[in-house]
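Engineer: Below: one structure in structure tokens.
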Amino acid sequence: MSKTMKKRTKTVIGVILTAIMLFPVYWMINVSFTTDANLRKTPPNLIPVDGTLDGYRAVLSQQLPYLGNSLMIGLLTVALTLLIAAPAGYALAKLRPRGGGVLSFALLIAQMIPGIIMAMGFYAILLSTRYINTIPGLVVADSTIAVPFAVLIFTAFMSGIPEEMLQAALTDGAGRLRTFWSIVLPVSRNAVVTVSLFTFLWSWSDFVFASTLDSGGGRQPITLGIYHYIGNNNQQWNAIMATAVVASIPATILLVIAQKYVAAGVTAGAVKD
Amino acid sequence: MTTSRQSAYRLAQTPAGTASAVPAAGRDRSRDKTAAARRRRTGPRGTQWAAWGFLAPLTIYLLTFYAYPLYRNLDLSLRNYTVYSFVHGGAPFTGFANYTAVIHDPTFVPALEHTLVFTLVSLAFQFAIGLALAVFFTQHFPLSPILRALFLVPWLLPLIVSASTWAWMLDSGSGVVNYGLHFIGIGPVDWLTSPSWALPSVVIANIWIGVPFNLVLLYSGLQAIPKDLYEAAALDGATAWQRFRRVTWPLLRPVSAITLLLGLVYTLKVFDIIWIMTKGGPVDSSTTFATWSYRLGFGNLLPAFGPGAAVGNLLVIMALIAGFIYIRVQRRQSA
Chain A
1 MSKTMKKRTK
11 TVIGVILTAI
21 MLFPVYWMIN
31 VSFTTDANLR
41 KTPPNLIPVD
51 GTLDGYRAVL
61 SQQLPYLGNS
71 LMIGLLTVAL
81 TLLIAAPAGY
91 ALAKLRPRGG
101 GVLSFALLIA
111 QMIPGIIMAM
121 GFYAILLSTR
131 YINTIPGLVV
141 ADSTIAVPFA
151 VLIFTAFMSG
161 IPEEMLQAAL
171 TDGAGRLRTF
181 WSIVLPVSRN
191 AVVTVSLFTF
201 LWSWSDFVFA
211 STLDSGGGRQ
221 PITLGIYHYI
231 GNNNQQWNAI
241 MATAVVASIP
251 ATILLVIAQK
261 YVAAGVTAGA
271 VKD
Chain B
274 MTTSRQSAYR
284 LAQTPAGTAS
294 AVPAAGRDRS
304 RDKTAAARRR
314 RTGPRGTQWA
324 AWGFLAPLTI
334 YLLTFYAYPL
344 YRNLDLSLRN
354 YTVYSFVHGG
364 APFTGFANYT
374 AVIHDPTFVP
384 ALEHTLVFTL
394 VSLAFQFAIG
404 LALAVFFTQH
414 FPLSPILRAL
424 FLVPWLLPLI
434 VSASTWAWML
444 DSGSGVVNYG
454 LHFIGIGPVD
464 WLTSPSWALP
474 SVVIANIWIG
484 VPFNLVLLYS
494 GLQAIPKDLY
504 EAAALDGATA
514 WQRFRRVTWP
524 LLRPVSAITL
534 LLGLVYTLKV
544 FDIIWIMTKG
554 GPVDSSTTFA
564 TWSYRLGFGN
574 LLPAFGPGAA
584 VGNLLVIMAL
594 IAGFIYIRVQ
604 RRQSA
């Protein structure tokens, strides 16, 4: 067999493997276009022949507020995470604080605590401070998924900034704060993007905190929108799957426009629950 | 040997330029050692103040939003809370009564078994499939970067999306999986509704979600193995299997260990998938510590916060044991 033939065979095998792996995703899209009548048909339609947009109409009429809430919760979580993690990363990477090792160790441990445990503690706290079922309460809880990971990324990235660059700024009379704001942060743009993308994605996907801390709230995220859907009308799987497709849009955008950041994030010891 | 191990462990620099954090920590430590000889480990006093100024938000955050919830959780598990005392305070201290009650609960043994089976079986398959795919993708062929990127999709989807998709695919009456099985002559399986198949069902879904994570970590580990080792082995007439057995496997061991341990820590705490697909049922047949803790605390009309927190803390202990092994392995490898 020639070399190009061999390569072509491998591509074919690769395509088949990818197709098997992505079949559930395809099936979700397929079902989202299927009519009610065809949902329970045997054999099922493998492609959405005489498909319907009913599922998506249901999303538009019922799920838009949930999507808006998730967007807002996601953006606020990103802001909070960056605010806490970026300065900390700078200090740990460049300022050699006494006791920094203890803090790094605490972050490592923090990543290992199951979300459900945090949820129970947060429930008790938010209940007594009356932040239960509010967006600020959920944002703070969601940020705990991302902060340890974010500090890790920032520290790793900022250790790579040349010392001379920071020394030059200090010599020119810039304070630490100025150096951080005008030099370290702009240079660390890639780290900021990676952290923001992952934080947004995790907060958007969060179900544990949403279902424990915001299930009685007036402004619930999309994960609860889907969950209520499954509970209430478990016959209308086309609408459920249409909502699922819409809820997957941020992940898809992430993969298309920011694949290199994604791979970087996963390799950095992905801390997803 | 030590140096080649280290270089294999040092995962490939990613295209984003973000050095992966796990090996970077190791690299830093080795640099610290040489740097310590040259200058003091910590900066001058002025820098110390600045450093802790930058760290203040994180420190306050960790104390308020990690340590305090954990403390509240511990407190919950050591007192006899009712709904009234949960809101108004004054629950009596009962020591380890909640823990004793939980351990003697008929759910305890099945939940422990399911947690172990779920975690170990998921890990074994995720790792094996991830490794096979990683080896496959290192042989560069047309389209391989795009296909590798597509493999990330299951990992990026919200868990509720994956879990509900799998729930519908595994539906006994109209699920596409049973249709496929019917096609090859196997009768319908009651995936989510029969006690013997509920746990395998959630394991299958969880393997699907975890493969990308293993693939990416192992792939970057494979990238770091020097190509000339394979060329030398090929010159010596080693077969593909021998090359894997004698070159890839030993050199990949450090990355494998980290991948498995991280996987262990993250799989132990899986909750969403199981809860959304089966709610731990039918009759506890897919209940793990995570779902049991949730059900005790939030799943009933009358919440049992004390026992729920106790189960949760047992889970924390399991995760921390795995975590400490992880830290030790990582330290030893980067030393």
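From first to last, the protein sequence lines are chains A and B. When the letters of the first sequence are read in order and numbered with our numbering, they come out as residues 1 to 273. When the letters of the second sequence are read in order and numbered with our numbering, they come out as residues 274 to 608. Each residue gets a CB set at the ideal place from its N, CA and C atoms; glycine is no exception. If you're wondering where the values come from, they're calculated on a predicted model, not measured in any experiment.
Below 7 Å on C-beta distance, what does Ala323(B) contact in chain A?
Structural biologist: Result: Leu95, Arg176.
Engineer: Out of Thr551(B), Val450(B), Pro379(B), Thr411(B), which has the shortest C-alpha to C-alpha gap to Pro468(B)?
Structural biologist: Out of Thr551(B), Val450(B), Pro379(B), Thr411(B), Thr551(B) has the C-alpha closest to the C-alpha of Pro468(B).
Engineer: Is Asp501(B) buried or exposed, if buried means 16 or more other CB atoms sit within 10 Å of its CB?
Structural biologist: With fewer than 16 Cβ atoms within 10 Å of its Cβ, Asp501(B) is classed as exposed.
Engineer: If contact is defined by three or more beta carbon pairs under 8 Å, each pair taking one atom from either stretch, is the region 582-599 of chain B in contact with the region 525-541 of chain B?
Structural biologist: Yes: at least three Cβ pairs fall under 8 Å.
Engineer: DSSP on Phe456(B), reduced to helix/strand/coil?
Structural biologist: Phe456(B) falls in the helix class under three-state DSSP.
Engineer: Of all Cβ atoms in chain B, is any one closer than 8 Å to the Cβ of Thr18(A)?
Structural biologist: For Thr18(A), the answer is yes, since a Cβ of chain B falls inside 8 Å of its Cβ.
Engineer: Since Thr223(A) and Ile482(B) are thought to touch, with beta carbons under 8 Å apart, how far apart are those beta carbons, to the nearest angstrom?
Structural biologist: That belief does not hold up - the Cβ atoms of Thr223(A) and Ile482(B) are roughly 15 Å apart, past 8 Å.
Engineer: What is the DSSP secondary structure of Phe414(B), reduced to helix, strand or coil?
Structural biologist: Of the three classes helix, strand and coil, the one that applies to Phe414(B) here is coil, per DSSP.
Engineer: Taking Cβ-Cβ distances shorter than 9 Å, what residues in chain B pair up with Ser196(A)?
Structural biologist: Chain B residues near Ser196(A): none, gap ~13 Å exceeds 9 Å.
Engineer: Hey, is Gly585(B)'s beta-carbon within less than 8 Å of any beta-carbon in chain A?
Structural biologist: At least one chain A Cβ lies under 8 Å of Gly585(B).
Engineer: Please list, in chain order, all residues of the same chain as Ile419(B) whose beta carbon is under 7 Å from its beta carbon, the five residues on each side excluded.
Structural biologist: Correct list: empty, nothing qualifies.
Engineer: Note down, in chain order, every chain B residue with its Cβ under 9 Å from the Cβ of Ala58(A).
Structural biologist: Correct list: empty, because the minimum Cβ distance to chain B is about 15 Å.
Engineer: Counting only beta-carbon atoms, is Ala309(B) nearer than 8 Å to chain A?
Structural biologist: For Ala309(B), the predicted structure reports a pLDDT of 42, less than 50, and the residue's modelled location is therefore unreliable. A value from the coordinates is still provided. Not closer than 8 Å to any Cβ of chain A, the Cβ of Ala309(B) fails to qualify, so no.
Engineer: Between Pro43(A) and chain B, is there a C-beta pair that is closer than 8 Å?
Structural biologist: Yes, because at least one Cβ of chain B sits closer than 8 Å to the Cβ of Pro43(A).
Engineer: Consider the C-beta atom of Glu164(A) and the heavy atoms of the ligand COA; say whether any pair is separated by less than 7 Å.
Structural biologist: Looking for the ligand COA in the displayed structure turns up nothing, as the structure carries no ligands at all.
Engineer: Is Phe154(A) helix, strand or coil by DSSP?
Structural biologist: Helix.
Engineer: Strictly under 8 Å for the Cβ-Cβ distance: is Ile240(A) near chain B by that measure?
Structural biologist: So, interface residue.
Engineer: Against Tyr503(B), what residues of chain A qualify as contacts under a CB-to-CB distance less than 7 Å, listed in chain order?
Structural biologist: Result: empty, since nearest Cβ-Cβ is about 16 Å, beyond 7 Å.
Engineer: Just to check my reading of the structure: Leu541(B) and Thr388(B) have Cβ atoms closer than 8 Å, yes? What is that Cβ distance to the nearest angstrom?
Structural biologist: Sure, about 7 Å apart at Cβ, within 8 Å.
Engineer: If we count Cβ pairs, one from each stretch, closer than 8 Å, do we get three or more for the region 158-168 of chain A versus the region 180-194 of chain A?
Structural biologist: The region 158-168 of chain A, when compared against the region 180-194 of chain A, does touch it at the 8 Å Cβ threshold.
Engineer: Residues of the region 438-458 of chain B in Cβ contact with chain A at a cutoff of 7 Å, in chain order, please.
Structural biologist: Answer in chain order: Thr438, Trp439, Trp441, Met442, Gly446, Ser447, Val449, Tyr452.
Engineer: Cβ closer than 7 Å: which chain A residues qualify as neighbours of Gly570(B)?
Structural biologist: In chain order: Met120.
Engineer: Three or more beta-carbon pairs under 8 Å between the region 365-378 of chain B and the region 136-144 of chain A, yes or no?
Structural biologist: Output reads no: the region 136-144 of chain A does not touch the region 365-378 of chain B.
Engineer: Roughly how many angstroms separate the alpha carbons of Thr320(B) and Leu490(B), rounded to a whole number?
Structural biologist: Cα to Cα, the separation comes out at about 37 Å.
Engineer: Quick check on the burial criterion: 16 or more other C-beta atoms within 10 angstroms. Buried or exposed for Pro379(B)?
Structural biologist: Answer is exposed; the Cβ neighbour count stays below 16.
Engineer: Could you please give me the residues that DSSP links to Arg352(B) through a beta bridge?
Structural biologist: DSSP output for Arg352(B) lists Phe366(B) as bridge partner(s).
Engineer: What ranges does the beta strand (DSSP E) occupy inside the region 177-232 of chain A, keeping only unbroken runs of at least 3 residues that lie completely in it?
Structural biologist: As far as the region 177-232 of chain A is concerned, it has no whole beta strand (DSSP E) run of at least 3 residues.
Engineer: Select from the region 72-96 of chain A all residues with a C-beta closer than 8 Å to any C-beta belonging to chain B, and list them in chain order.
Structural biologist: Cβ contacts with chain B: Leu83, Ile84, Ala85, Pro87, Ala88, Tyr90, Ala91, Leu92, Leu95, Arg96.
Engineer: For the region 108-136 of chain A, which residues have a CB atom closer than 7 Å to at least one CB atom of chain B, in sequence order?
Structural biologist: So the list reads Leu108, Ile109, Ala110, Met112, Ile113, Pro114, Gly115, Ile116, Ile117, Met118, Met120, Gly121, Phe122, Ala124, Ile125, Leu127, given in the order they occur along the chain.
Engineer: Using a threshold of 8 Å, state whether the C-beta atoms of Gln399(B) and Ile480(B) are closer than that.
Structural biologist: Yes, they are a contact pair.
Engineer: Within 10 Å of its beta-carbon, does Met591(B) have 16 or more other beta-carbons around it, so buried, or fewer, so exposed?
Structural biologist: Met591(B) should be labelled buried.
Engineer: Which stretch, first to last residue, makes up the alpha helix (DSSP H) that contains Met112(A)?
Structural biologist: Unbroken run through Met112(A): none, as it is neither H nor E.
Engineer: Who are the neighbours of Val408(B) on chain A, taking C-beta pairs under 8 Å?
Structural biologist: Within chain A, no residue comes near Val408(B); the closest Cβ sits about 12 Å away, beyond 8 Å.
Engineer: If you measure between the beta carbons of Tyr90(A) and Phe327(B), is that distance less than 8 Å?
Structural biologist: Contact: yes.
Engineer: Return the CA-CA distance between Val256(A) and Thr332(B), expressed in angstroms with no decimal places.
Structural biologist: Answer to the nearest angstrom: the Cα atoms are 36 Å apart.
Engineer: Report the residues of the region 554-569 of chain B with a CB closer than 8 Å to any CB of chain A, ordered along the chain.
Structural biologist: Answer set for the region 554-569 of chain B: Ala563, Ser566, Tyr567.
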